[in-house]
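Notes to accompany the following structure.
4 protein chains.
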Amino acid sequence: MPRSQKQYKEIRKQKKQLILDSALELFAENGFHSTSMSKVAQKAGVSKGLAYNYFESKQDILDEIIKTGFDSIYSNFDLNHDGILTREEFEHFIRNSFKAIGKNRKFWKLYSAIIMQSDIAESMMEKYGDRSQIIMQMLNQFIKTMGSKDPEGDLMVISSLVKGSLLVVISAPEFFPLKQLEDKVTEACFRLITTK
Amino acid sequence: MPRSQKQYKEIRKQKKQLILDSALELFAENGFHSTSMSKVAQKAGVSKGLAYNYFESKQDILDEIIKTGFDSIYSNFDLNHDGILTREEFEHFIRNSFKAIGKNRKFWKLYSAIIMQSDIAESMMEKYGDRSQIIMQMLNQFIKTMGSKDPEGDLMVISSLVKGSLLVVISAPEFFPLKQLEDKVTEACFRLITTK
Amino acid sequence: MPRSQKQYKEIRKQKKQLILDSALELFAENGFHSTSMSKVAQKAGVSKGLAYNYFESKQDILDEIIKTGFDSIYSNFDLNHDGILTREEFEHFIRNSFKAIGKNRKFWKLYSAIIMQSDIAESMMEKYGDRSQIIMQMLNQFIKTMGSKDPEGDLMVISSLVKGSLLVVISAPEFFPLKQLEDKVTEACFRLITTK
Amino acid sequence: MPRSQKQYKEIRKQKKQLILDSALELFAENGFHSTSMSKVAQKAGVSKGLAYNYFESKQDILDEIIKTGFDSIYSNFDLNHDGILTREEFEHFIRNSFKAIGKNRKFWKLYSAIIMQSDIAESMMEKYGDRSQIIMQMLNQFIKTMGSKDPEGDLMVISSLVKGSLLVVISAPEFFPLKQLEDKVTEACFRLITTK
DNA sequence: AATGAATGAGCTTTCATTCAT
DNA sequence: TATGAATGAAAGCTCATTCAT
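Chains as they are written, first to last, in the numbering used here: chain W, 1 to 196; chain C, 1001 to 1196; chain H, 2001 to 2196; chain A, 3001 to 3196.
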């Protein structure tokens, strides 16, 4: 009784995800370079050969992990895709960024380690740079709408604060409780816009 | 007739620095794990063997680089070493942190990449964790003195902002001009302390 | 379709033995330190990488060789494992020691070179020292039973003679024919016990 | 006031001996291959360069050590150089061999480790083989004179006993006290000659 | 689809030896 | 005579990747 075409596809998808998950965990824990394909395969419970059946290379696995994560960040941004950021959408974006970290700390730890490494960061910029810039422009517009006297400067400060807070939450969660920081940062963002 | 003690010492000092500089550049550019000792030696214009004459291991080079950088951060903190942070000392610390980055971007790029890499970060925490905590305590005390209603929360926000701004200055200086951010962040820090 | 568990196991077993044999030959011929893993792999007709697939380290190969040899010595000792050495068992032990050398000269050449090398000898003592002592005690008991006036002294002389004769048989078989020495030594051992 | 030709020669001789002594100690303690020239020079308190001024290579140092030792063994043999071994000369040889070990255990430990390593043993055989054979012939003659029924066999047994006892004294002096073994072995040698 | 034996390039590290001074 | 910085070949070992089965 051979499985149907569809069943095979489903199995493939699950196996692939299994490898991705194993890799993520190990990369986050021990670093990309210190994790061997042997360990990834072993953790996933498959052979090395099979892993190479699903991915072209070790780097390929990393790329796929990063892509997934990048996509998920921006799905929380400009919810109705009208190119304009409302106060609610802005707050939603900030808060959801924190929540995303709470849900998948391993990934974000790996992610932040990865984007710091210039060789990788550059190739990512090429791929995702455009999207990044669109977001910055929307934020800029939003800050202006809020009546900022120095939109450019405020944008810099706010994006520094958001990035910094996400970073400390990721790297030292024992000192920076997620929920508390989420509230403080959200509030601070609004307060930092210089209106007078 | 052999060279004098002094001559040998001078040679050693210069060569060692040469190797450190080469390593810093390559580590920052390509990451620690992706940089081989061969490349370091080649860039320094010496043989691999000589590099090992000056350093016990590749890790040893990294450690020395990190130590130097770490020391330089905290030389700008609590200038008179009385354990108490004044308004002026606080501002001086913030501003000098930015200036330090301006002076040695390469190092700070490496530094920020390194502290994100879990395998390396842990051994650093063991070495420098104590000093880090002392600083946090002094900052906490300072924020209280400034009349904060929520010192703990404000400390988290401020340190997030400072770390985040240093990070963006390091990783995307073309979008975040150093001097401008320095002023904005310094001012924002004072404004963020909730006094009412 | 992959090979069966059994097939893989068989391949592993054979290749492992192949590497062990090559290593033994080279270690015996040129010494442990003067034999590189490259040479071992080359002689076995495999890649260096594969050798490390089967053994954790070069030392690991040596350990396995030594263990095998050590086990084989003492399987000829105290045949019925009752802790007491009879006249027949004693003679059997002596004679079989010679026979063992005849069967695997290479190993014994390596073995005797190894136990002389202080750095390696120490770790062996830790592993096998206990067994060695048990044997000496049994020999001591045996010599007493034979009516020796100076068991301690006789034990020293006899074990010197046995060790020495095995040594010369190993290192200069052209001058010391195995069978002839076996007979002479066996007889001498009994004659050396001072009964009057 | 320049030193005289003779004084210089004396200094050279002392320095050379210093290096030889340091090398011997380290070779015996850690093995030849595990001892670096750096350590030898350091222990002797001279520079590496100077060591190479006195010796052509590391191997050269070892050769000189071995040669010295070899010469010293046979200076105790056939004292009056008449080619004939008397009972007294024989006993003197045995006893002095033990005494030599007592005087310089380090050397003999190294020596016995070295001669076990076949690559070295071979080159030694070429150099010292002749002398060895002369000794064996004299011993053979001596045993005949003593009225042995099986001179060839007795020679094998006796030389095995002597070599073996020297070996155990060197490698496990805590279990085989030198003086005691010297007496027992000397006596046993005479007893082992089969006269009936 | 699946296995793991096998490869080989490249890594970190060591060290006997040389040589400018 | 004396120094130690400098070299370079080779060591032990790792691991991404391939491929016969």
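Where is the CB? At the ideal position from N, CA and C, for every residue including glycine.
A distance below 7 Å separates the beta carbons of K1163 (chain C) and G164 (chain W).
Annotated as proximal: S148 (chain W) and I193 (chain W), with beta-carbon spacing under 7 Å. Only residues of its own chain outside the window of five on either side were considered, and among them L2161 have a CB closer than 8 Å to the CB of A2188 (chain H), listed in chain order. In chain C, no part has a C-beta under 8 Å from the C-beta of G147 (chain W); the shortest such distance is about 16 Å. For E3056 (chain A), the three-state secondary structure derived from DSSP is coil. Taking a contact as a CB-CB distance under 8 Å, the pair L3181 (chain A) and L3110 (chain A) does not count as one, their CB atoms being some 20 Å apart.
Separation of V3185 (chain A) and E3152 (chain A) (C-alpha to C-alpha, rounded to the nearest whole angstrom) is 19 Å. When C:A1044, C:K1016, C:R1012 are compared, the shortest CA-CA separation from L1026 (chain C) is found for C:A1044. Counting along the chain, the unbroken alpha helix (DSSP H) around V3157 (chain A) starts and ends at 3151-3171. Put simply, the CB of G164 (chain W) is near chain C, with a gap under 7 Å to one of its CB atoms. In the three-state reduction of the DSSP assignment, I11 (chain W) falls in the helix class, which pools H, G and I.
F1176, Q1180, L1181, K1184, V1185: these are the residues of the stretch 1174-1185 of chain C whose beta carbon lies less than 7 Å from some beta carbon of chain W, given in chain order. The beta carbons of F2098 (chain H) and L2178 (chain H) sit closer together than 7 Å. Contact residues of the stretch 2132-2158 of chain H toward chain A are G2153, M2156, V2157 (C-beta to C-beta distance below 7 Å). Counting along the chain, E2182 (chain H) sits inside the alpha helix (DSSP H) bounded by residues 2178-2192. 7 Å or more divides the Cβ of Q1141 (chain C) from the Cβ of G31 (chain W).
Within the same chain, Cβ atoms closer than 6 Å to the Cβ of T2035 (chain H) are found at L2026, F2027, the five residues on either side in sequence being excluded.
With respect to the C-alpha of Q3017 (chain A), the residue from A:I3143, A:T3068, A:N3080, A:S3171 having the closest C-alpha is A:T3068. Interface criterion met: the Cβ of A113 (chain W) is under 7 Å from a Cβ in chain C.
Closest in C-alpha terms to S2057 (chain H), from the list H:W2108, H:D2071, H:S2038, H:K2013, comes H:S2038. With fewer than 16 neighbouring CB atoms inside 10 Å of its own CB, S2123 (chain H) falls in the exposed class. Runs of alpha helix (DSSP H) with 4 or more residues, each lying fully within the stretch 1031-1055 of chain C, are found at 1037-1044, 1048-1054, listed in chain order.
Within the same chain, and ignoring the five residues on either side of K6 (chain W) in sequence, no residue has its Cβ closer than 8 Å to its Cβ.
Interface residue (Cβ-Cβ distance to chain H less than 7 Å): A3188 (chain A) is classified as such. Residue ranges of uninterrupted alpha helix (DSSP H) with 4 or more members, entirely inside the stretch 2097-2138 of chain H and ordered along the chain, are 2105-2116. When DSSP states are grouped into helix, strand and coil, S22 (chain W) belongs to the helix group.
Taking a C-beta cut-off of 9 Å against chain C, the contacting residues of the stretch 13-40 of chain W are A28, E29, N30, G31, F32, H33, S34, listed in chain order.
Annotated three-state conformation of E174 (chain W) is coil, per DSSP. Residues A1100 of the same chain have their beta carbon placed closer than 7 Å to that of S1072 (chain C), with the five preceding and five following residues left out of the count. Closer than 9 Å at the C-beta level to chain H, one finds no residue of the stretch 3049-3063 of chain A.
Straight through space, the alpha carbons of K2103 (chain H) and I2114 (chain H) are spaced by roughly 19 Å.
Put simply, the CB of M116 (chain W) is near chain C, with a gap under 7 Å to one of its CB atoms. Within a 10 Å sphere around the beta-carbon of A3051 (chain A) sit 16 or more other beta-carbons, which makes this residue buried.
The alpha carbon of W108 (chain W) has as its nearest neighbour, out of W:S171, W:K15, W:H33, the alpha carbon of W:S171.
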